[in-house]
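K.L.:
Before we start, here is the structure in question, set down as structure tokens.
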Amino acid sequence: MSNILKSDKNDRKKKNFSVGIALLVLLAIAIITYTIFEKSGHWLVEDDTFEHVKWVAVLDGQTADLERSDFAANLLKEGKADSVLLLGRRVYRDRSNSEFYAEDFMKLGSFSEKAVFLVPHNDPSTISEAYSIVPWLKKHKADTVLLLTDAASTYRVKRIFQKLSGNSPIYLTKDIKHVTYNASCWYSNRESRKDWLRSWAALFMSYIDLFNVDTLEAVDSSYYKPIKSYAEYKREMRSNVNFQKLLPKIEDKIKTESEKEAVRDSIKALEKSQGKDAKAKKK
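Take 13 as the starting number for the sequence shown in our numbering and just add one per residue.
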């Protein structure tokens, strides 16, 4: 009888021990899951500190607030950056977002037209954008480049440019604290959750896309011609205006206005004459 009781006690101890271990394992899993869940928003963000950069590349994809352009403009005003590249996709047959970005950008301060560059492109992804500008930056011997993108893409974007550039230039990224993504509480906002999910998926795909890819050199680029300063862009826009075609239209408008003025003068003269005749009849 005593042997049976001892056996039951041992079984209960073993069972309690097993339950305790299982609870500890579940607790550990819960803590690890929560930590990953909490910190995963920050792992997407690469927020570098800097005092001065030679180049700022404003990647396409900013919202209608143009928050990236505003951030770059403030850097130029404060003397923390020398030149800005404004990337923009093609939106019409012969117009791109970079033109609209640049026109708005020049209103934000008295910037040198030779320090602001337009990069019109039709690239569908960040990797394609890197292929567009990395060789150009190498050709112009850029040493430090700040890449402006949304916060959830900063780590991925920096890795892409570093991978395709090799050791030069040095790339930095910055969390500009726009409202669409907050790394500390990304799960509390619908747009942040969408950004979190898209960014993790894009990050995993970038590892596949960049597998065994060679670095780019200055000779690899076929995009030198489209990248132009705002000064060059303005000269091209002026040269595209055909004043010879406009002259006949201007002459027609002047002639039309003169004819209208002559008709108005005739009507006034007739009314004045009729008024005099009416007064004469009354007398």
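Glycine included, C-beta positions come from ideal geometry on N, C-alpha and C.
Exposed or buried, what is Thr185 when buried is set at 16 or more other beta-carbons lying within 10 Å of its beta-carbon?
P.N.:
Stepping through the sequence shown from its first residue, residue 185 is reached at position 173. It counts as buried.
K.L.:
Mapping the DSSP letters down to three states, classify Thr185 as helix, strand or coil.
P.N.:
Taking the sequence shown and counting its residues from 1, the one referred to as residue 185 is at position 173. Thr185 falls in the strand class under three-state DSSP.
K.L.:
Decide if His307 is buried, meaning its Cβ has at least 16 other Cβ atoms within 10 Å, or exposed.
P.N.:
One cannot answer for residue 307 here, as it falls past the ends of the chain, which runs 13 to 295.
K.L.:
For Ile145, which residues in the same chain have their Cβ closer than 8 Å to its Cβ, ignoring the five residues on either side in sequence?
P.N.:
Position 133 of the sequence shown holds residue 145. These residues qualify, in order along the chain: Ala69, Leu97, Leu99, Val131, Tyr235, Ile239.
K.L.:
Assuming Lys150 and Ala230 form a contact by the criterion Cβ under 8 Å, report the distance between their Cβ atoms to the nearest whole angstrom.
P.N.:
Mapped onto the sequence shown, residue 150 falls at position 138. Mapped onto the sequence shown, residue 230 falls at position 218. That belief holds up - the Cβ atoms of Lys150 and Ala230 are roughly 4 Å apart, short of 8 Å.
K.L.:
At a cut of 8 Å, does the stretch 131-140 reach the stretch 101-109 through at least three beta carbon pairs?
P.N.:
Yes, they touch.
K.L.:
With DSSP run on the structure shown, which of helix, strand or coil describes His133?
P.N.:
The sequence position of residue 133 within the sequence shown is 121, counting from 1. Three-state result, His133: strand.
K.L.:
Which partner residues does Trp208 have in the DSSP bridge list?
P.N.:
Position 196 of the sequence shown holds residue 208. Answer by DSSP bridge pairing: none, since Trp208 is not bridged.
K.L.:
Give me the residue from Asp82, Val57, Leu88 with the minimum Cα distance to Lys66.
P.N.:
Your numbering for residue 66 matches position 54 in the sequence shown. The residue with the shortest Cα to Cα distance from Lys66 is Leu88.
K.L.:
When DSSP labels each residue in this structure, what does Ala195 get in the three-state scheme?
P.N.:
For this step, residue 195 is matched to residue 183 along the sequence shown. In this structure, Ala195 counts as helix in the three-state DSSP scheme.
K.L.:
Buried or exposed: Arg80, going by 16 or more other Cβ atoms within 10 Å of its Cβ?
P.N.:
Counting from one through the sequence shown, the residue named residue 80 turns up at place 68. Flag for Arg80 reads buried.
K.L.:
Measure the CB-CB distance between Lys126 and Tyr245 and report whether it falls below 9 Å.
P.N.:
For this step, residue 126 is matched to residue 114 along the sequence shown. For this step, residue 245 is matched to residue 233 along the sequence shown. No, they are not a contact pair.
K.L.:
Compute the distance between the beta-carbons of Val169 and Leu158, then report whether it is under 9 Å.
P.N.:
Stepping through the sequence shown from its first residue, residue 169 is reached at position 157. Stepping through the sequence shown from its first residue, residue 158 is reached at position 146. No; because the gap between Cβ atoms is not below 9 Å, this pair is not in contact.
K.L.:
What did DSSP end up calling Gly100 once you bin it into helix, strand or coil?
P.N.:
In the sequence shown, the residue the question calls residue 100 occupies position 88. Here Gly100 sits in strand by DSSP.
K.L.:
Short check: CB of Ile172 to CB of Thr227, under 9 Å?
P.N.:
For this step, residue 172 is matched to residue 160 along the sequence shown. For this step, residue 227 is matched to residue 215 along the sequence shown. Cβ distance not < 9 Å, so Ile172 and Thr227 don't count as in contact.
K.L.:
Is it true that the CB of Ser180 sits closer than 9 Å to the CB of Ser211?
P.N.:
Position 199 of the sequence shown, counting from 1, holds the residue named residue 211. Position 168 of the sequence shown, counting from 1, holds the residue named residue 180. Contact: no.
K.L.:
Mind checking who Lys51 pairs with in its DSSP beta bridge?
P.N.:
Indexing the sequence shown from 1 puts residue 51 at position 39. Beta-bridge pairing links Lys51 to no other residue.
K.L.:
Please work out which residues of its chain come closer than 6 Å, Cβ to Cβ, to Trp198, disregarding the five sequence neighbours upstream and downstream, and give them in chain order.
P.N.:
Walking along the sequence shown from the start, residue 198 turns up at place 186. Answer for Trp198: Gly53, Ser204, Trp208, listed in chain order.
K.L.:
At 4 residues or longer, what runs of the alpha helix (DSSP H) sit wholly inside the stretch 28-89?
P.N.:
Counting whole runs of 4 or more residues, the stretch 28-89 contains the alpha helix (DSSP H) stretches 79-89.
K.L.:
Quickly, what does DSSP pair Thr156 with across the bridge? List them, please.
P.N.:
Translated into the one-based positions of the sequence shown, residue 156 becomes position 144. Ile182.
K.L.:
Does the beta-carbon of Asn224 have 16 or more other beta-carbons within 10 angstroms, so that it is buried, or is it exposed?
P.N.:
Counted from its first residue, the sequence shown places residue 224 at position 212. Burial call: exposed.
K.L.:
Look at the alpha carbon of Ala93 and the alpha carbon of Ala84, and state the distance between them as a whole number of angstroms.
P.N.:
In the sequence shown, the residue the question calls residue 93 occupies position 81. In the sequence shown, the residue the question calls residue 84 occupies position 72. Computed Cα separation, rounded: 8 Å.
K.L.:
Measuring only the C-alpha atoms, how far is Ile220 from Asp232?
P.N.:
On the sequence shown, residue 220 is found 208 positions in, with the first residue counted as 1. On the sequence shown, residue 232 is found 220 positions in, with the first residue counted as 1. One C-alpha to the other measures close to 22 Å.
K.L.:
Residues bridged to Ser95 by DSSP?
P.N.:
In the sequence shown, residue 95 corresponds to position 83, counting from 1. According to DSSP, Ser95 bridges with Trp67.
K.L.:
DSSP beta-bridge partners for Lys240?
P.N.:
Working through the sequence shown from its first residue, we reach residue 240 at position 228. In the DSSP output, where bridge partners are listed per residue, Lys240 has Leu130.
K.L.:
For a test of the three-state rule: what should DSSP assign to Ser124, helix, strand or coil?
P.N.:
The residue labelled residue 124 in the question sits at position 112 within the sequence shown. Note: Ser124 maps to coil in three-state DSSP.
K.L.:
Identify which residue in Met249, Glu111, Ser95, Ile33 has its Cα closest to the Cα of Asp155.
P.N.:
The residue you call residue 155 lines up with position 143 of the sequence shown. For the residues Met249, Glu111, Ser95, Ile33, the minimum Cα distance to Asp155 belongs to Ser95.
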